[in-house]
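Residue numbers (our numbering): 254 to 637.
All C-beta atoms in this analysis are idealised placements derived from N, C-alpha and C, irrespective of residue type, glycine included.
As structure tokens, the structure follows; a few thoughts come after it.
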């Protein structure tokens, strides 16, 4: 009872003087929290959160999940996820215990057959964060190894005639090849660990593209680092790089060609298109011709620009200067008597006939042709 009172007083005194530190977001090696958000932290003493361990790791209670608690000293358990090692077979040896699963930090004693031993002549294995150390393999003790195995398209660095137990050698590959597996092997008492292979880094099966073609001659294979250039097919335009590269047996990149062609030039009323085609290249032009007495207004051509046509022209009706209307309004053309047609937006200048004077304002004697229509000024007869 006295001890319980002391604990309560200690906690109260610590809290009163600000000594109880909250727990920050826990960093769980080989695991993670369940449904925990940053808003939950810092956590207060006594709060619990559920967590889960990754594959091959378990909680101290050997479960896949458990609770961790915020204490005065921090999070408990201190190491939430431990490695779980499985042991059910020992090569060239035997093990009498029926237990198969062990937690990180546990040590197991084993027995190898005569003439065999674990790595470094040990007789125990420990479950570590990375698994069993040494591995559960009994090897011939003390036997040296001869020449390491030869491999195609590769060789051993610094080769010698004999190697002691535990010694390592490292392979390198010829140019155009790379190591597949571990580059180094170890003498395991009269035999070598598994040797690597040297595989080609060349690229085969050059890819093809619907909108691009190869610029040069196609080859059966390409060396790592080699680039191959493409060009866009007609009606397409390159967007970015035109090359792909062989990188360690894989093709990297692709040319991107964008369709910039145009079809169906815009229709213009009272006009025909000269030399019409079903499809046009980027930058290609189309020319229009107005029919009958219609005149072109605007650019006579449209241009295909990145898949879109520029603004088309218009065909506007011309103005016919009526001799009958000029006679009616006592008019004549100022500059000539032969100009009987004018284009839209052109100006026609009139004057009064001899013996007549302007009735309408002077600006009306400079009339504009507006889509086939002309407003005529008027002249009256002089008096006296």
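Sheet register partners of residue i (DSSP bridge)
i           : result
residue 371 : The partner list for residue 371 (beta bridge, DSSP) is empty, contrary to what the question assumes.
residue 320 : 303
residue 480 : 498
residue 453 : 430
residue 558 : 561
residue 621 : 600
residue 398 : 416
residue 353 : According to DSSP, which records beta bridges pairwise, residue 353 is partnered with nothing at all.
residue 611 : 632
residue 584 : 605
residue 570 : 547
residue 292 : Answer is none; residue 292 lacks a bridge partner.
residue 424 : 409
residue 626 : 623
residue 386 : 379
residue 527 : 540
Inter-residue spacing [alpha-carbon to alpha-carbon] between residue i and residue j
i           : j           : result
residue 503 : residue 328 : 48 Å
residue 381 : residue 337 : 9 Å
residue 515 : residue 528 : 15 Å
residue 428 : residue 462 : 30 Å
residue 587 : residue 606 : 10 Å
residue 490 : residue 498 : 21 Å
residue 371 : residue 356 : 20 Å
residue 405 : residue 449 : 10 Å
residue 342 : residue 348 : 8 Å
residue 369 : residue 386 : 17 Å
residue 294 : residue 390 : 47 Å
residue 364 : residue 311 : 28 Å
residue 565 : residue 485 : 29 Å
residue 313 : residue 279 : 17 Å
residue 583 : residue 575 : 12 Å
residue 531 : residue 567 : 22 Å
residue 612 : residue 621 : 18 Å
residue 488 : residue 556 : 14 Å
residue 271 : residue 325 : Since pLDDT at residue 271 reaches only 43, below the 50 mark, its modelled position is unreliable, and the value read off the structure follows with that caveat. Those two C-alpha atoms are separated by around 12 Å.
residue 298 : residue 309 : 30 Å
residue 351 : residue 440 : 31 Å
residue 560 : residue 624 : 32 Å
residue 268 : residue 277 : Low confidence applies to residue 268: its pLDDT is 40, below 50, so where it sits in the model is not reliable enough to give any reading.
residue 375 : residue 476 : 48 Å
residue 618 : residue 601 : 8 Å
residue 472 : residue 495 : 18 Å
residue 281 : residue 415 : 47 Å
Reference residue i; option with closest CA among the options
i           : options               : result
residue 505 : 478, 632 and 433      : 478
residue 388 : 470, 362 and 511      : 362
residue 631 : 603, 621 and 624      : 603
residue 384 : 431, 410, 408 and 335 : 335
residue 410 : 436, 629 and 396      : 436
residue 208 : 283, 301, 286 and 281 : Because the chain spans 254 through 637 in this model, residue 208 falls outside it and cannot be assessed.
residue 430 : 543, 614, 452 and 447 : 452
residue 447 : 464, 330 and 424      : 424
residue 511 : 546, 474 and 465      : 465
residue 407 : 392, 432 and 600      : 432
residue 579 : 543, 628 and 546      : 628
residue 317 : 544, 284 and 332      : 284
residue 507 : 445, 474, 460 and 534 : 460
residue 366 : 394, 358 and 472      : 394
residue 534 : 545, 520 and 513      : 513
residue 626 : 569, 345 and 636      : 569
residue 426 : 353, 403, 480 and 373 : 403
residue 358 : 345, 377, 420 and 305 : 377
Whole-number beta carbon distance between residue j and residue i, since they are thought to touch under 8 Å
i           : j           : result
residue 550 : residue 597 : 6 Å
residue 562 : residue 518 : 6 Å
residue 339 : residue 360 : That pair is no contact at about 15 Å.
residue 593 : residue 577 : Not really, about 12 Å apart at Cβ, beyond 8 Å.
residue 398 : residue 443 : 6 Å
residue 522 : residue 539 : Rounded, the Cβ-Cβ distance is 16 Å, inconsistent with contact.
residue 547 : residue 571 : 7 Å
residue 634 : residue 608 : 6 Å
Assigned exposure category for residue i - 16 Cβ within 10 Å defines buried
i           : result
residue 400 : exposed
residue 493 : exposed
residue 525 : exposed
residue 319 : buried
residue 501 : exposed
residue 256 : With a pLDDT of only 32 at residue 256, under 50, the local geometry of the prediction cannot be trusted, and no value is derived from it.
residue 457 : exposed
residue 610 : exposed
residue 307 : exposed
residue 296 : buried
residue 482 : exposed
residue 235 : Coverage of the chain is limited to positions 254 through 637, which leaves residue 235 absent and any answer about it impossible.
residue 595 : buried
residue 333 : buried
Proximity test, Cβ basis, 8 Å: residue i and chain B
i           : result
residue 514 : The question asks about chain B, but that chain is absent: this structure has only one protein chain.
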